[in-house]
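*Asks:*
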Amino acid sequence: MRGDHELPPLRELDPALSDGVRQVVVVLADGLGVGQLERLCAHGEVPFLASLLERARRKDDAQLFEATSVFPSTTAAAITTMNTARTPQEHGNIAYFIWLEEFSQVTQMLRWGRATQRRGSYFDDPALDPRRFALVPSIHARIRERGGRSYLIEPELFRHEAMTRMHASEAEFVGYVLPSTLGVRIGQLLDQRPWGGAPAYVYAYWAGIDTAAHLYGPRSPEHSAEASLFDRAMERAFAGRVHGDTLVLLTADHGHAEVDPQQLIDIEGDQDLRALLRAPVAGEPRLVFLHTDRADAVRGHLERRWPGAFTIFDREDAIAEGLFGRGDPSVARRRIGEVCAMLDGQRAATLVRVDGQAVHHRGAHGGMTADEMRVPVLAWRS
């Protein structure tokens with residue numbers, strides 16, 4: 004899989020974990036940052052994962068790495084990177100809300116649809132092929148070219164979603180309806196091995212931890228309850244399997260910062276700011292993209308209106324520093340906006356009113372705090 008564009012392999016992986024591997028299973032727990040995992044283990048909420056972490060501590064066929072997410076620390080960017088092995092600057096799915104010149108709309112980038120509406124995709128129009136808008140090839144195409152097989156275990160609702168069609172159409176889709184079925188589907192694939200003697204890559208996705216963190220907060224009992232369900236699914240999938248020819252990697256796309264809905268900054272409703280922009284605000288609740296021809300005026304307005312709330316930086320400086328990755332920045336320039344305004348602490352911003360309503364979350368991400376950026380990579384043989 005190495006080439007001119009691929010990132011280097013996972014450093015310092017114990018050879019005992021990689022030697023003789025015939026299939027790799029990547030489990031992505033959306034929104035499960037390192038800090039959250041540590042707290043959940045300490046409180047006894049995830050006993051199976053805690054046992055794996057203890058094995059990693061003893062170097063008993065398991066290993067734990069602490070990684071940083073892509074920037075922005077968000078699902079649209081990170082999962083596209085997972086499916087392409089390219090950075091956000093290269094693949095263009097840079098944030099959850101992006102101003103797309105192609106459609107003259109702020110777009111929700113998971114479903115590629117109008118951000119102000121909860122449902123719908125541009126690709127509901129059968130004349131539009133989402134693959135035409137993919138800037139880079141998928142890893143699934145490269146796996147197939149090399150004689151391997153790849154599988155996606157995701158909610159059935161994702162089967163025809165834009166992200167799947169754009170960046171994973173070459174993989175075999177294995178859907179599930181109930182979250183409790185995820186562990187069953189993983190176990191079935193490992194038992195049945197429909198790939199025969201070919202090398203195989205399996206990607207499995209769990210959404211609920213992220214949802215619970217957004218709605219209730221990353222320290223809430225609801226978050227703990229959802230993590231416990233995930234832990235049970237992992238136990239069902241992997242417990243009792245002897246050291247075999249499968250490498251399992253459990254990771255996340257980002258973590259969560261705890262935010263206070265009472266401190267929400269209504270960027271979208273600021274008409275004085277809007278008058279300085281040539282397109283609506285976009286980005287993330289913790290990282291605002293501002294498309295403007297009056298960068299100094301925008302910066303001054305933010306500093307006067309919300310003194311000390313934002314870390315403000317120029318798009319070109321961020322690109323030069325490699326914050327969004329590497330490669331040709333031409334698409335990134337169109338999608339990021341000239342001014343970036345990042346939040347930390349317990350603050351987040353309203354960028355879009357969805358079906359006329361502002362979202363009041365208690366957990367958020369997209370910024371650069373440790374809670375948002377630090378993600379686990381837990382490896383073991385199964």
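Residue numbers for the sequence shown follow the working numbering, beginning at 4 and rising by one.
Glycine is no exception: its CB is placed at the ideal position from the N, C-alpha and C atoms.
With a Cβ-Cβ cutoff of 9 Å, do phenylalanine 100 and glutamate 287 count as a contact?
*Replies:* yes
*Asks:* Mind checking whether arginine 350 and phenylalanine 292 have CB atoms under 9 Å apart?
*Replies:* no
*Asks:* Is the stretch 362 to 371 close to the stretch 75 to 82, with three or more CB pairs under 8 Å?
*Replies:* yes
*Asks:* With distances taken from CA atoms, which of Leu280, Leu113 and Trp309 is nearest aspartate 296?
*Replies:* Leu280
*Asks:* By Cβ distance, which residues of its chain are closer than 7 Å to alanine 174, with the 5 residues on each side in sequence left out?
*Replies:* Setting aside the 5 residues that flank it on each side, alanine 174 is surrounded in the same chain by His143, Ser153, Tyr154 and Leu155, each with a C-beta closer than 7 Å to its C-beta; the list follows chain order.
*Asks:* Along the beta strand (DSSP E) that carries glycine 272, what are the first and last residues, could you check?
*Replies:* Here glycine 272 belongs to no beta strand (DSSP E), and DSSP marks it neither H nor E.
*Asks:* Is it the case that the CB of histidine 226 approaches a heavy atom of the ligand COA more closely than 8 Å?
*Replies:* Among the ligands in the structure shown, none appear at all, so the ligand COA cannot be discussed.
*Asks:* Return the CA-CA distance between glutamate 41 and phenylalanine 68, expressed in angstroms with no decimal places.
*Replies:* 13 Å
*Asks:* Is the beta carbon of threonine 249 closer than 9 Å to that of valine 27?
*Replies:* yes
*Asks:* In three-state DSSP terms, what is arginine 5?
*Replies:* Legend: pLDDT at arginine 5 = 41, less than 50; position of this residue unreliable, no value from coordinates given.
*Asks:* Take glycine 303 as the anchor and find which of Val245, Val139, Ala285 and Cys343 has the nearest alpha-carbon.
*Replies:* Cys343
*Asks:* For the stretch 136 to 179, which segments carrying the beta strand (DSSP E) assignment without a break, of at least 3 residues, lie completely within its bounds, in sequence order?
*Replies:* 152 to 158 and 175 to 179
*Asks:* Hey, quick one: how far does the alpha helix (DSSP H) through isoleucine 322 stretch, first residue to last?
*Replies:* Per DSSP, the unbroken alpha helix (DSSP H) holding isoleucine 322 starts and ends at 318 to 323.
*Asks:* Going by the CB atoms, is the gap between histidine 217 and glycine 36 shorter than 9 Å?
*Replies:* no
*Asks:* Going by DSSP, what residues sit across from isoleucine 315 in a beta bridge?
*Replies:* Ala344
*Asks:* Considering only the beta carbon of each residue, do isoleucine 212 and glutamine 39 sit closer than 9 Å?
*Replies:* With respect to the 9 Å criterion, isoleucine 212 and glutamine 39 are classified as neighbours on the basis of their beta carbons.
*Asks:* Work out the CA separation of glycine 186 and leucine 232 for me, nearest whole Å.
*Replies:* 10 Å
*Asks:* Compare the beta carbon distance of alanine 352 and arginine 289 with 9 Å and say whether it is the shorter of the two.
*Replies:* yes
*Asks:* Enumerate in chain order the residues of its own chain whose CB-to-CB distance from leucine 3 is below 7 Å, with the five nearest sequence positions on each side excluded.
*Replies:* In this structure the chain extends from 4 to 385, so residue 3 is not present and cannot be described.
*Asks:* In this structure, what does DSSP give as the bridge partners for tryptophan 383?
*Replies:* According to DSSP, residue pairing for tryptophan 383 in a beta bridge involves Ala65 and Val251.
*Asks:* Using CA coordinates, which residue listed in Pro332, Ser333 and Asp347 is at the minimum distance from glycine 311?
*Replies:* Asp347
*Asks:* Take the Cβ of aspartate 273 as the centre, count every other Cβ of all protein chains shown within 10 Å, and call the residue buried at 16 or more, exposed below.
*Replies:* Buried, by the Cβ-count rule.
*Asks:* With 16 as the cutoff for other CB atoms within 10 Å, does arginine 14 come out buried or exposed?
*Replies:* exposed
*Asks:* Give me the Cα-Cα distance between aspartate 194 and glycine 23, rounded to the nearest whole angstrom.
*Replies:* 18 Å
*Asks:* Name the residue from Leu276, His294 and Pro332 whose alpha carbon lies nearest to the alpha carbon of glycine 340.
*Replies:* His294
*Asks:* Spatial neighbours of glutamate 157 within its chain, please: CB distance less than 6 Å, with the 5 preceding and 5 following residues excluded, ordered by chain position.
*Replies:* Tyr208
*Asks:* Should methionine 4 go down as buried or exposed, given a rule of 16 or more other Cβ atoms within 10 Å for buried?
*Replies:* Any reading at methionine 4 needs caution, since the residue's pLDDT is 42, under 50, leaving its predicted position unreliable; the model's value is listed next. Methionine 4 sits exposed, since fewer than 16 C-beta atoms from the chains shown fall within 10 Å of its C-beta.
*Asks:* As a quick exercise: from Phe316, Leu192 and Thr84, pick the residue whose alpha carbon is nearest that of tyrosine 179.
*Replies:* Leu192
*Asks:* Would you call the CB atoms of glycine 247 and alanine 201 closer than 9 Å?
*Replies:* Taking 9 Å as the Cβ cut-off, glycine 247 and alanine 201 do not qualify as a contacting pair.
*Asks:* Spatial neighbours of alanine 382 within its chain, please: C-beta separation below 6 Å, excluding the five flanking residues on both sides.
*Replies:* Close CB contacts of alanine 382 within its chain, under the 6 Å cut and outside five residues either way in sequence, are with Leu20, Gln66 and Leu252 (chain order).
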